[in-house]
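Residue numbers (the working numbering): 330 to 597.
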């Protein structure tokens, strides 16, 4: 796996500055923040559930591409120097028995309930938004200052151990004549979901109304644009709900952990 030491030669970066702001209490969606630095989804589980999730991720790599796994009981990661996974995400979700129990900007208290927590950082499609934008493709949720829309689909993930659930996707409206470009650009980043999983016809993947996302915010779809769907790192949260996981900590959808790793490190 890629580590912070391979790339960072200075202590202060836009990524570390963003983490400091979140540690101080700022809450905001992170799309477009610290451009050029890889963002990550997060799920934290007691060690008893960690192997089940690692197997789940291995069996569903499009939705759950693992970037780093912590030691049990650790709240650090090799992807960001000096980071504290308990406090450096702008908004956390605490799950109990498969139900959302709390959202909080500081997960330290919940983290202390289990001494053996294992953290998984999972690739995020925000990583390829910068090169898409540089290619002239509008990223609507960034343009409009909203959260990316995310939807629970009817596409089942391959189960593993006690975990099962359906894939979650993120959606970006893309002009019809740029869909191939968007697929090519994102496809060069397989470690952060890669190319789209579906184009157009949202009803074919179980989405009844694009104006009512399950997570995040609805966005404008202009004439001539096509809804394009990418596998999403909120998929583990769908598994937590479907499987009734006794305890978990995750990021709130759209509120990512920002690493010190440049996006280019995941380009192939």
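Every residue gets a Cβ at the ideal spot worked out from N, C-alpha and C, and that includes glycine.
- Using a 10 angstroms sphere on the CB of residue 348, the tally of other CB atoms reaches 16 or more, which defines it as buried.
- When 355, 585, 571, 595 are compared, the shortest CA-CA separation from residue 426 is found for 571.
- Here the alpha carbons of residue 445 and residue 402 stand approximately 4 Å from one another.
- Residue pairing of residue 370 in beta bridges, as defined by DSSP: 451.
- For residue 370, the closest alpha carbon among the candidates 437, 586, 590, 593 is that of 586.
- Around residue 487, the same chain offers 388, 389 as residues with beta carbons nearer than 7 Å, after the five sequence neighbours per side are excluded.
- Between residue 542 and residue 582, the C-beta gap is not smaller than 7 Å, which leaves the two residues out of contact.
- Residue pairing by DSSP places residue 534 in no beta bridge whatsoever.
- Less than 7 Å separates the beta-carbon of residue 515 from that of residue 457.
- In the same chain as residue 433, and ignoring 5 residues on each side of it, the C-beta atoms closer than 6 Å to its own belong to 421, in chain order.
- Only residues of its own chain outside the window of five on either side were considered, and among them 555, 556 have a CB closer than 7 Å to the CB of residue 529, listed in chain order.
- Burial of residue 454 is indicated by the presence of at least 16 other C-beta atoms within 10 angstroms of its C-beta.
- Boundaries of the beta strand (DSSP E) harbouring residue 430: 428 to 433, taken from the DSSP string.
- Under the DSSP assignment, residue 351 falls in the alpha helix (DSSP H) whose first and last residues are 343 to 352.
- In the displayed model, residue 551 falls within coil according to three-state DSSP, outside both helix and strand.
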